[in-house]
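Colleague: I'd like to ask some things about the structure below.
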Amino acid sequence: MFEEYEKYLSNPTPLSVEAAGELILGHRHIPADMTRPPRVRAEAELPDDSCVDFINDMTRAMACLPQTVGEASRAARIAALERAKASICAAQAKEAYGLEQDVVARHDDEGVYKDFPARGVGAEVALARMDAQYLGPRFSSYAKSMIEHMPYTFDALQRGELKESRSMLIVRETNNLDPGVRELIDREIAGEQGSLDGVGDDELRSRIRKIVLAFDNTEDMIKHGDAENRRRISLTPTPDGMMRISGVLPIIQGVAMKQALLAKVAKRRAKGDTRTDQQIMADTTVERITGQEVASRPALSLCVSMTDRSLLEGDSEPAFLQGYGTISAEYVRRMIARDPKLSKRKQKARVWMRRLYTSPTTGQLVAMDSKARIVPQKLKDLINIRDQRCRTPYCGAPIRHIDHIFQFAKGGRTTESNTDGRCARCNQTKETSGWEEFVVIGPRHTILINTPSGQTYRSIAPPPPGTPAYPPEPDMFFRLTSP
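Residue numbers (the numbering used here): 579 to 1061.
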């Protein structure tokens, strides 16, 4: 009589005191299926390879190490596992190198991509390593450089004497040198067993730099000469609801900017400004870049997705801010509200609301309307709100292109279901021969990706605010015949 309840946990995970208090007070939206355990992601079909089975068995064995040991054993295990991890990293680099050779050979046989025979390798490696797409080519290049030109570094990594991050450091610091010079530096740095014991990142970088400059300082002088061309500014979200601004400027521009900001600080101090020097400098930078009179109220377009309960009823379901990520509902409400300390003349923020319609069980975004005075392309707005970030698994880069999943040239239509958001790299990668993508029936908008090597990956649109992370899904997935 209890068969229908077997999928639920008999002892659900207990709530913290804070979570229980929110639930009792009714200020937090709790999904109806909160007691359901997280689903285990289905593995892609693997080739008939005994080595793959061995590696999978070894992975499972690592989770079953006996725990009835003392401190000395645990410390020894940590050291042994670190050596094993380094050795596995070397094996992974070797497989990436072999994969590139296989793909190049296949493209050569097919007579395609003669200008770039390794096309698609980086994307395959990134997916297999569960990395963002731009990291795949980096890893492939690192593996190729190390195996072909730095055998001593590769051997040290295989023996577990060198961490992967430090082997990457050695390859990166010597990347632009002549292959013969690289091999000499490789022998000098890692040629003797035990020569890297106790050497940290900074010391290793210093050793490499000394040897590199002793051989040839041309590259170093080129870097100094190209400094002006490498100037940049970047803004990165931080976990505390802020954005970190960082950049590199030529020294003349940097000094001039610093002097101007310090002069502004002195001027504001003379007028009795109570802000700190750093706050004045930050606000001045924003005001001069955006052209606003007050930095705290920039009249810009910010796209925030949140439930009506969070906006109007004080619910604590988090929101999603495009260009940043997940933020608390209370912060959004404060961001939208007028600042009582400012005069009405300075309060220029205007709020335009756009209603989003989602499926009540899965959170699938099905439509939206717009009340904005100036309406952009609605389909692009819908896709940006639905996908949030690049839809390639593990990528997470900002959306740059709205792309046809099933290509337009092959008959794919321009509809909500057959379009998704991609970064520029991933949009180009999917045009590689043998790379196929289809829309399939899933809990939310779901894409099935088949790579040239035969691996299969699934991409599900992220849940909008107020919807469960693990919605009900069908037992089988079907390719849509008419995207």
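Every residue gets a Cβ at the ideal spot worked out from N, C-alpha and C, and that includes glycine.
This structure is a prediction, so every number in the text was calculated from the model and none was measured.
Where does S1037 fall in DSSP's three states?
Modeller: Strand at S1037.
Colleague: Taking M728 and V699 to be in contact with their CB atoms under 8 Å, please state how far apart those CB atoms are, rounded to whole angstroms.
Modeller: At roughly 20 Å, the Cβ-Cβ gap does not stay under 8 Å, so M728 and V699 are not in contact.
Colleague: Give me the Cα-Cα distance between I1038 and S812, rounded to the nearest whole angstrom.
Modeller: 29 Å
Colleague: Near A766, which residues of its chain fall below 8 Å by C-beta distance, leaving aside the five closest residues on each side in sequence?
Modeller: Looking at the sequence itself, residue 766 is Glu, so the reference to Ala does not match. Cβ contact annotation for E766 (same chain, cutoff 8 Å, sequence separation greater than five): I789, in chain order.
Colleague: Answer yes if the stretch 736-755 comes into contact with the stretch 662-674, meaning at least three C-beta pairs across the two stretches below 8 Å, and no otherwise.
Modeller: These segments touch.
Colleague: Go to F793, then tell me how far its alpha helix (DSSP H) extends in each direction, as first and last residue.
Modeller: 779-793
Colleague: Once the 5 residues before and after A622 are set aside, which same chain residues still bring their CB inside 6 Å of it?
Modeller: Confidence at A622 is low in this model, with a pLDDT of 46, below 50, so its placement is unreliable and no value can be given for it.
Colleague: Below 8 Å, how does it come out for the stretch 684-701 and the stretch 976-992: are there three or more Cβ pairs, yes or no?
Modeller: Cβ pair count under 8 Å is below three, so no.
Colleague: Where do the N-terminal and C-terminal ends of the beta strand (DSSP E) with P715 fall, by residue?
Modeller: Where P715 is concerned, there is no enclosing beta strand (DSSP E), although the alpha helix (DSSP H) around it starts and stops at 713-727.
Colleague: Below 7 Å between beta carbons: does that hold for V690 and S1011?
Modeller: Yes, Cβ-Cβ distance for V690 and S1011 is below 7 Å.
Colleague: Would you decide whether T613 is buried or exposed? Buried here means 16 or more other CB atoms lie within 10 Å of its CB.
Modeller: Reliability fails at T613, whose pLDDT of 36 lies under 50, so the model's placement of it is uncertain and the value that follows must be treated cautiously. So T613 ends up on the exposed side.
Colleague: Specify the secondary structure class of I823 as computed by DSSP and reduced to three states.
Modeller: strand
Colleague: Count Cβ pairs between the stretch 998-1006 and the stretch 710-725 that sit closer than 8 Å; are there 3 or more?
Modeller: yes
Colleague: Three-state secondary structure (DSSP) at R991?
Modeller: coil
Colleague: With H, G and I counted as helix, E and B as strand and the rest as coil, what does DSSP make of I1019?
Modeller: coil
Colleague: Express the C-alpha separation of G974 and D635 in angstroms, rounding to a whole number.
Modeller: 30 Å
Colleague: For F574, count the other beta carbons within 10 Å of its own beta carbon; 16 or more makes it buried, fewer makes it exposed. Which is it?
Modeller: Nothing in the structure corresponds to residue 574, since the chain is present only between 579 and 1061.
Colleague: Taking DSSP as the reference, what is the three-state secondary structure of S812?
Modeller: S812 falls in the strand class under three-state DSSP.
Colleague: Quick check on D965: buried or exposed, where buried means 16 or more other Cβ atoms within 10 Å of its Cβ?
Modeller: buried
Colleague: Is T852 helix, strand or coil when you go by DSSP?
Modeller: coil
Colleague: Determine the DSSP secondary structure at E1014, reduced to helix, strand or coil.
Modeller: strand
Colleague: Is it buried or exposed for N807, if we count other Cβ within 10 angstroms and need 16 for buried?
Modeller: exposed
Colleague: Between G903 and P1041, is the Cβ-Cβ spacing less than 7 Å?
Modeller: no
Colleague: Could you please give the first and the last residue of the uninterrupted alpha helix (DSSP H) stretch that includes F632?
Modeller: 628-640
Colleague: Does any residue of chain C bring its CB to less than 7 Å from the CB of M820?
Modeller: Of the chains in the structure shown, none is chain C; there is only one protein chain.
Colleague: For M746 and A844, what's the separation of their Cα atoms in angstroms?
Modeller: Between the C-alpha atoms of M746 and A844 there is a straight-line separation of about 46 Å.
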